[in-house]
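Protein chains in written order, with the working numbering: chain A, 5 to 244; chain B, 5 to 244.
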């Protein structure tokens with residue numbers, strides 16, 4: 005039986021989502037180890053990778069269950085007992101051709117930052133920008149909306165047949181002392197979210213002009229390929 | 005010059021406050037290492053120890069500065085740049101006979117728990133008690149108030165001339181989904197707070213009667229010496 009699971013994890017405990025040959029401290033390795041201890045030899049597939057230090061509140065994975073596992077609630081309980089920094093929120097039966105990555109229609113990221121220095125308890129979960137201009141940030145974000153070739157907004161190293169992605173939403177809200185940026189797209193290239201975030205924050209701090217940002221979005225000139233720090237970033241929702 | 009510093013730390017990163025021969029992952033070791041890198045060879049003294057996993061928002065320490073260090077703001081900045089899970093909130097000049105431990109008049113601990121399972125992001129900072137009776141908890145806490153011989157509420161292993169301590173306040177409040185218990189005393193024995201907390205929560209879950217708790221407080225009968233989990237506990241204030 006193929007199952008779809010929604011998971012949340014504390015990215016600060018891992019070197020990223022994807023399995024690596026150099027470290028076992030990856031989300032994939034930890035989950036597969038927990039599955040194997042329950043006699044489930046299936047590997048897992050996620051909706052996409054997250055960088056080291058990037059969190060997830062709604063990452064989606066799929067894997068195949070052997071016949072003898074029928075009680076999905078019990079499976080969830082067992083996995084959550086074995087895992088500490090990863091939590092299974094839901095496990096549901098899916099169609100046999102469901103694919104966490106290829107079936108995904110929309111991906112949503114949330115970025116949380118503060119203008120006061122985060123405390124030692126918040127620093128792995130909230131980023132820090134002492135000052136920025138709200139109006140400029142909103143304008144910068146709006147430039148990303150639409151279908152663009154994001155060739156100037158990604159790290160190389162992943163194979164993809166096109167660098168065109170469509171951003172459906174890019175907005176900013178303030179909730180008490182937390183400042184939050186949302187990005188919703190059909191997909192993101194490697195490190196694209198963090199590169200867009202850094203560029204938008206540069207505009208919001210008047211270190212880059214909106215015209216320069218637009219030049220980069222239109223693949224005319226590369227102004228910056230810096231990445232925003234990972235610790236305020238959350239993969240928050242995948243829509244199918 | 006003797007200085008007094010108020011520090012905050014994420015206890016989940018350490019094996020406790022006190023220096024140990026078996027590990028360098030202690031708050032004291034990390035601070036002394038940072039001081040030494042600034043040519044300050046003084047050891048530090050804290051107001052008291054905290055167990056592994058216990059946090060602090062207002063731990064107080066003292067140490068002695070060599071003559072050449074006069075700018076305390078710069079010292080604070082330098083230390084905060086070197087330390088990640090520990091933050092210096094204030095460093096102020098104190099009288100030469102100030103002693104972080106012996107001069108302390110009152111110590112305040114805060115314990116935070118939830119009745120919903122804490123998320124992966126909260127689990128090192130908030131404890132979990134799915135259900136409890138508020139009225140019983142308040143009654144249990146009130147029994148601790150006053151001067152008592154806490155001989156049945158501590159771990160052995162620390163030298164102390166008396167096991168009598170005075171609890172000035174022990175109260176419970178709810179703030180949204182967070183439940184908070186405060187303890188204020190002239191001092192606490194080793195693991196006393198966690199043992200009192202566990203006993204109070206046992207009463208609040210009807211696993212121990214208030215009469216049994218009172219028997220233990222009056223050193224008549226030991227009913228439980230279990231410890232509450234450390235991860236919801238914060239050393240929050242020291243008064244001099």
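Think of the CB as a built atom: it goes at the ideal place given N, C-alpha and C, for glycine as much as any other residue. Since we're looking at a predicted model, the values are computed, not measured.
Nearest candidate by alpha-carbon position, reference residue 95 of chain A, set A:63, A:124, A:173 = A:63
Original post:
Listed from N- to C-terminal order along the chain, which residues in the region 118–134 of chain A have their beta-carbon within a distance smaller than 9 Å of any beta-carbon of chain E?
Top reply: In summary, chain E is missing from the structure at hand, where the protein chains are A and B.
### Query
What residues in the region 75–93 of chain B bring their beta carbon closer than 8 Å to a beta carbon of chain A?
88, 89, 90, 91
**Q.** Span separating the alpha-carbon of residue 179 of chain B from that of residue 77 of chain B
**A.** 35 Å
- In the DSSP assignment, what residue or residues form a beta bridge with residue 3 of chain B? No statement about residue 3 of chain B is possible, as the shown extent of chain B runs from 5 to 244 and does not include it.
Are the C-beta of residue 246 of chain B and some C-beta of chain A separated by less than 8 Å?
Look at the range of chain B in this structure, 5 to 244, and you will see that residue 246 of chain B is not part of it.
Checking 8 Å against the spacing of the C-beta atoms, do residue 177 of chain A and residue 187 of chain A come in under that value? no
Exercise. Residue 81 of chain A: buried (16+ other C-beta within 10 angstroms of its C-beta) or exposed?
Worked result: exposed
Using a Cβ-Cβ cut-off of less than 8 Å, list which residues of the region 10–34 of chain B approach chain A; keep chain order. 12, 13, 14
| query | How many angstroms separate the CA atom of residue 20 of chain A from the CA atom of residue 37 of chain B? | reply | 30 Å
Note to self: Determine whether the beta carbon atoms of residue 217 of chain B and residue 140 of chain B lie at a separation below 8 Å.
What the structure shows: no
### Message
Between A:145, A:35, A:205, A:74, which has its C-alpha nearest residue 133 of chain A's C-alpha?
### Response
A:205
- When the Cα of residue 237 of chain A is compared with those of A:224, A:55, A:40, which residue comes out closest? A:55
How would you call residue 40 of chain B, buried or exposed, if buried means at least 16 neighbouring beta carbons within 10 angstroms? exposed
- May I have a chain-ordered list of the beta strand (DSSP E) segments no shorter than 3 residues that lie completely inside the region 56–111 of chain B? 59–68, 90–97
Taking its Cβ as the centre, do 16 or more other Cβ atoms sit within 10 Å of residue 70 of chain A, making it buried, or is it exposed?
exposed
request  = Go to residue 12 of chain A, then tell me how far its beta strand (DSSP E) extends in each direction, as first and last residue.
outcome  = 6–13
Here's a check: name, in chain order, each residue in its chain whose Cβ is nearer than 7 Å to the Cβ of residue 114 of chain A, leaving out the five neighbours to either side. 184, 186, 238, 240
Whole angstroms are fine: how far does the CA of residue 219 of chain A sit from the CA of residue 225 of chain A? 6 Å
DSSP state of residue 198 of chain B mapped onto helix, strand, coil: helix
Alpha carbons only, please: which of A:17, A:92, A:57, A:46 is nearest the one belonging to residue 10 of chain A? A:92
Fill in: residue 148 of chain B, enclosing alpha helix (DSSP H) - first and last residue
138–148
### Task
Leaving aside the five residues before and after residue 1 of chain B along the sequence, list all residues of the same chain whose C-beta is less than 8 Å from its C-beta, in chain order.
Nothing can be reported for residue 1 of chain B: it is not among the residues displayed for chain B, which extend from 5 to 244.
ask   = Going by alpha carbons, who is nearest to residue 51 of chain B out of B:45, B:212, B:61?
value = B:61
Quiz item: Can you tell me the Cα-Cα spacing of residue 112 of chain A and residue 223 of chain A, whole angstroms?
Solution: 24 Å
| field | Residue interval of the beta strand (DSSP E) (run including residue 168 of chain B) | value | 168–179
- Item | Nearest-angstrom Cβ-Cβ length linking residue 129 of chain A and residue 235 of chain A, presumed shorter than 8 Å | 6 Å
Quiz prompt | Sequence-distant residues of the same chain with beta carbon closer than 7 Å to residue 153 of chain B, five excluded per side | solution = 167, 168, 223
| Using the rule of at least 16 other Cβ atoms within 10 Å of the residue's Cβ for burial, across every protein chain shown, is residue 215 of chain B buried or exposed? | exposed
| message | Comparing C-alpha positions only, which one of B:45, B:42, B:14 sits nearest to residue 31 of chain B? | response | B:14
Report, in whole angstroms, the separation of the C-beta atoms of residue 207 of chain B and residue 108 of chain B, which I expect to be a contact under 8 Å. The pair is not a contact, with the Cβ atoms about 29 Å apart (cut-off 8 Å).
Limits of the unbroken beta strand (DSSP E) element including residue 126 of chain B: Per DSSP, residue 126 of chain B belongs to no beta strand (DSSP E) and is neither H nor E.
Exercise. Go ahead and pull the three-state DSSP assignment for residue 32 of chain B.
Key: helix
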